[in-house]
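J.: Sequential numbering of the sequence shown, starting at 173, is according to the working numbering. Here a beta-carbon is modelled for each residue, glycine too, at the ideal position from N, C-alpha and C.
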Amino acid sequence: MATAQAQQRCEPGKPKTLRPNRSTRLPPTTTAAQRRLPPPRRLALALAATDHHTPPNLAVAMFRLRSSARLLRELREASQSYGRREWLSGGALASAARTTSLLHPLPGLDVPQCLPDQLGGQPTRVTTLPNGVRVASEDVPGPSGCVGVFVDSGSVYETTETAGMSHLLEKLAFKDTAHRSHLQIVQDVEATGGNVGASASREQMVYSYETLKAYLPQAIEVLIDCVRNPLFLRDEVKRQVALAREEVQELQKNPEKFLQESLNLVGYRGALANPLVAPEESLSRISSSIIRKFYHENFTADRLVVAASGVDHQYLLDIAEPLLSDWHKGSPVERPESAYIGGDFRHKADSEMTHVALAFEVPGGWLQERDAAIMTVVQTLMGGGGSFSSGGPGKGMHSRLYLRVLTKYHKVESFLAFSNVSDRSGLFGIYLTTPPDFVAKAVDIATKELIAIATPGQVTDIELTRAKNSTISAVLMNLESRVIVAEDIGRQLLTYGCRKPVDHFLQCMDEITLDDITAFAQKVLSSQPTMASWGDVDKVPPYEFVRKRF
């Protein structure tokens with residue numbers, strides 16, 4: 173009926189529009205008192221009067237539209253009559269919000285007192301047992317905890333006879349012990365809802381167990397049993413050697429890991445050149461007896477650290493000391509020497525891409541704390557990544573390699589700064605992936621970017637401040653993890669002999685200047701370059717050509 177009435181009122185020759193008559197502005201049941209209500213209340217009443225289960229009513233729909241438009245018009249008129257500051261609920265504050273930059277506090281608003289950037293944490297407590305084992309902990313609040321055993325052992329201590337032992341020890345972790353079968357270990361870990369892991373590096377080995385604090389006594393006992401009493405059964409060793417062979421074959425298909433290994437192989441002479449992944453030729457002669465010999469020579473009490481986070485120190489000591497106090501103390505062992513020499517390594521592989529790593533020595537490694545801090549900031553400053561990233565603010569999208577390389581050269585698949593650092597030496601450089609026809613240009617870009625960091629005036633204060641803040645933020649956020657806190661304690665005790673407070677490293681980073689960045693880059697680039705490439709390497713520039721660029 174409403175539709176027919178609206179059509180009848182349309183004049184000839186004009187488009188027919190639907191207009192409800194005045195009697196349909198409110199539902200027919202509306203009283204005179206309700207009609208005298210202000211527009212907002214009248215609109216609410218009309219909406220409430222229409223149940224969503226009733227069939228569509230054109231008159232009511234048009235009433236809603238017309239009343240809404242009238243309400244908005246009345247709001248504008250009231251705003252102009254009484255002033256926006258009085259009409260809006262915010263008053264003067266809302267007006268100031270429209271005219272004051274968000275970079276400054278709003279006028280008339282008390283600025284709350286800022287809390288310190290970080291709250292003081294619990295100190296790290298360290299106890300050295302009579303046999304030399306160091307037990308350290310930091311009581312981090314929370315429901316869970318993590319305990320780890322850290323051993324001053326790795327591929328740098330391997331010889332020709334024992335090459336690949338660290339790799340095999342990592343794979344044999346949490347297997348049969350003198351007190352438990354592998355199945356029993358798995359069941360014990362599952363019963364606590366824990367996570368266990370083991371990893372080997374060139375200078376240290378790590379065994380860790382994370383679980384709820386209520387299960388820490390069981391976790392500590394299981395962990396120490398697995399590290400102290402492994403059986404290295406012959407069948408298990410054979411099984412892990414077979415798996416290691418598969419890993420060696422897979423490594424050659426993983427260019428990033430393969431090139432990282434290759435850089436140490438050609439860049440150093442001595443212990444740091446020892447392969448971290450067991451070489452194929454050594455796997456055939458590995459046996460249970462050779463593994464036991466390497467284990468007993470290197471897993472001695474004076475080279476062990478038990479580190480935990482989220483546990484009271486005395487509580488940890490009461491549980492761990494009886495399990496560790498009779499661990500045998502070995503003879504003093506000197507760390508094998510290494511010398512950086514630089515070099516070139518090329519591996520031809522069937523691939524549509526060419527991968528190149530260009531690196532230089534960071535002398536002193538982690539033991540040179542200030543240079544290590546500068547290196548970390550420089551790596552953040554240069555940044556980089558893949559050609560596609562779903563990152564946003566804080567993900568390095570404003571780093572130099574993103575802005576100057578990845579956003580300009582569409583053929584570059586990846587381009588990033590990297591570091592691989594040991595206690596006394598390290599490598600820093602650029603890793604890149606491009607099609608073969610662009611690799612020469614990409615290597616040229618990499619050399620220019622490294623030289624730019626070493627050139628005074630090329631890095632701005634804004635870039636440096638952003639890099640320092642990003643690095644400090646990453647350090648603090650990483651230390652929110654109990655696993656990382658335990659690892660930080662254990663590794664620092666093996667490297668420095670103590671656990672230095674985080675404020676010490678943050679202060680080192682905060683004090684870095686543009687001159688420090690330039691001086692560090694100049695020192696690093698003064699060493700011989702090390703190049704490693706994988707894929708279609710025919711168009712990779714000659715090593716001597718790249719070396720002369722620096």
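1) Does the distance from the C-beta atom of residue 665 to that of residue 308 stay below 8 Å?
2) When we look at the beta-carbon of residue 194 and count the other beta-carbons within 10 Å, is it buried (16 or more) or exposed?
3) In the DSSP assignment, what residue or residues form a beta bridge with residue 442?
4) Taking all protein chains shown into account, do 16 or more other C-beta atoms lie within 10 angstroms of the C-beta of residue 254, making it buried, or fewer, making it exposed?
5) Do residue 625 and residue 689 count as a contact pair if the criterion is CB distance below 8 Å?
6) Evaluate the contact criterion for the segment 406–415 versus the segment 686–704: three or more CB pairs, one atom per stretch, below 8 Å.
7) Would a C-beta distance cut-off of 8 Å place residue 490 and residue 537 closer than the cut-off?
8) Please classify residue 582: is it buried, with 16 or more other beta-carbons within 10 angstroms of its beta-carbon, or exposed?
9) What do you reckon, are the CB atoms on residue 586 and residue 605 nearer than 8 Å?
10) Leaving out the 5 sequence neighbours to the left and right, which residues in its chain are closer than 6 Å to residue 693 when beta-carbon positions are compared?
11) Figure out for me which residue from 553, 359, 675 has the closest Cα to the Cα of residue 634.
12) Under 8 Å between the Cβ atoms of residue 534 and residue 438?
13) Go ahead and label residue 282 buried or exposed: buried means 16 or more other beta carbons lie within 10 angstroms of its beta carbon, across all protein chains shown.
14) How is residue 662 classed by DSSP in three states: helix, strand or coil?
15) Checking 8 Å against the spacing of the C-beta atoms, do residue 380 and residue 320 come in under that value?
16) Tell me, to the nearest whole angstrom, how far the beta carbon of residue 697 is from that of residue 722; I am working on the premise that it is less than 8 Å.
17) For residue 172, count the other beta carbons within 10 Å of its own beta carbon; 16 or more makes it buried, fewer makes it exposed. Which is it?
18) Would residue 617 and residue 496 qualify as a contact pair, given that the criterion is a beta-carbon distance under 8 Å?
19) Whole angstroms are fine: how far does the CA of residue 245 sit from the CA of residue 178?
20) Taking 8 Å as the CB-CB limit, is residue 283 close to chain B?
21) Near residue 488, what residues of its chain come up, given a Cβ to Cβ distance below 6 Å and the 5 sequence neighbours on each side ignored?
22) Please check the pair residue 711 and residue 612, which I expect to be a contact at CB under 8 Å, by giving their CB distance rounded to whole angstroms.
23) How big is the Cα-Cα spacing for residue 365 and residue 498?
24) Do you know whose CA, among 675, 642, 706, 598, lies nearest residue 699's CA?
25) Do the segment 322–336 and the segment 460–470 make contact, defined as three or more Cβ pairs closer than 8 Å?
26) Beta carbon of residue 377, beta carbon of residue 325: below 8 Å?
27) For residue 351 and residue 383, what's the separation of their Cα atoms in angstroms?
28) Go to residue 523, then tell me how far its alpha helix (DSSP H) extends in each direction, as first and last residue.
T.: On the basis of the coordinates in this document:
1) One-based indexing of the sequence shown puts residue 665 at position 493. One-based indexing of the sequence shown puts residue 308 at position 136. Closer than 8 Å, so yes.
2) As a first step, residue 194 is located in the sequence shown; it is residue number 22 there, counting from the start. Per-residue confidence for residue 194 stands at a pLDDT of 45, beneath the threshold of 50, marking its modelled position as unreliable; the derived number appears in the next sentence. So residue 194 ends up on the exposed side.
3) As a first step, residue 442 must be located in the sequence shown, where it is residue number 270. Residue 442 pairs with 510.
4) Position 82 of the sequence shown, counted from the start, is the residue given in the question as residue 254. Unreliable positioning characterises residue 254 in this predicted model, as indicated by a pLDDT of 48, which lies under 50. A coordinate reading is not provided.
5) Locating residue 689 in the sequence shown gives position 517, counting from the first residue. Locating residue 625 in the sequence shown gives position 453, counting from the first residue. Yes, they are a contact pair.
6) In short, these stretches do not touch, since the Cβ pair count stays below three.
7) As a first step, residue 490 is located in the sequence shown; it is residue number 318 there, counting from the start. As a first step, residue 537 is located in the sequence shown; it is residue number 365 there, counting from the start. If you check the CB distance, residue 490 and residue 537 do not come in under 8 Å.
8) Counted from its first residue, the sequence shown places residue 582 at position 410. Its Cβ having fewer than 16 others within 10 Å, residue 582 is exposed.
9) Position 414 of the sequence shown, counted from the start, is the residue given in the question as residue 586. Position 433 of the sequence shown, counted from the start, is the residue given in the question as residue 605. Going by C-beta atoms, residue 586 is nearer than 8 Å to residue 605.
10) Position 521 of the sequence shown holds residue 693. Once the five neighbours on either side are set aside, the close Cβ partners of residue 693 are 625, 626.
11) On the sequence shown, residue 634 is found 462 positions in, with the first residue counted as 1. For residue 634, the nearest C-alpha among the options comes from 553.
12) Here residue 534 is taken as the residue at index 362 of the sequence shown, counted from 1. Here residue 438 is taken as the residue at index 266 of the sequence shown, counted from 1. Contact flag unset, no.
13) Numbered from 1 along the sequence shown, position 110 holds the residue referred to as residue 282. That one is exposed.
14) The residue you call residue 662 lines up with position 490 of the sequence shown. In this structure, residue 662 counts as helix in the three-state DSSP scheme.
15) Walking along the sequence shown from the start, residue 380 turns up at place 208. Walking along the sequence shown from the start, residue 320 turns up at place 148. Yes. Within cutoff.
16) If you number the sequence shown from 1, residue 697 lands on position 525. If you number the sequence shown from 1, residue 722 lands on position 550. Going by Cβ atoms, the distance from residue 697 to residue 722 rounds to 5 Å, so yes, they are a contact pair.
17) As shown, the chain starts at 173 and ends at 722. That puts residue 172 outside it, with no answer to give.
18) Start at 1 with the first residue of the sequence shown, and residue 617 comes out as number 445. Start at 1 with the first residue of the sequence shown, and residue 496 comes out as number 324. The answer is no: Cβ separation not under 8 Å.
19) Residue numbering aside, residue 178 sits at position 6 when the sequence shown is read from its first letter. Residue numbering aside, residue 245 sits at position 73 when the sequence shown is read from its first letter. Low confidence applies here, because residue 178 scores a pLDDT of 44, under 50, leaving its location unreliable; read the following figure in that light. In a straight line, the C-alpha of residue 178 is about 24 Å away from that of residue 245.
20) The chain labelled as chain B is not found in the depicted structure, where only one protein chain is given.
21) On the sequence shown, residue 488 is found 316 positions in, with the first residue counted as 1. Excluding positions up to five away in sequence, the list reads 309, 480.
22) Taking the first residue of the sequence shown as 1, we reach residue 711 at position 539. Taking the first residue of the sequence shown as 1, we reach residue 612 at position 440. Contact flag correct, Cβ pair sits at about 6 Å.
23) In the sequence shown, residue 365 corresponds to position 193, counting from 1. In the sequence shown, residue 498 corresponds to position 326, counting from 1. For residue 365 and residue 498, the distance between alpha carbons rounds to 30 Å.
24) Numbered from its first residue, the sequence shown carries residue 699 at position 527. Considering only alpha carbons, the answer is 598.
25) yes
26) Position 205 of the sequence shown, counting from 1, holds the residue named residue 377. Position 153 of the sequence shown, counting from 1, holds the residue named residue 325. Yes, these two residues count as a Cβ contact at 8 Å.
27) Taking the first residue of the sequence shown as 1, we reach residue 351 at position 179. Taking the first residue of the sequence shown as 1, we reach residue 383 at position 211. Whole-angstrom Cα-Cα distance: 21 Å.
28) Within the sequence shown, residue 523 is the residue found at index 351, counting from 1. Unbroken run through residue 523: none, as it is neither H nor E.
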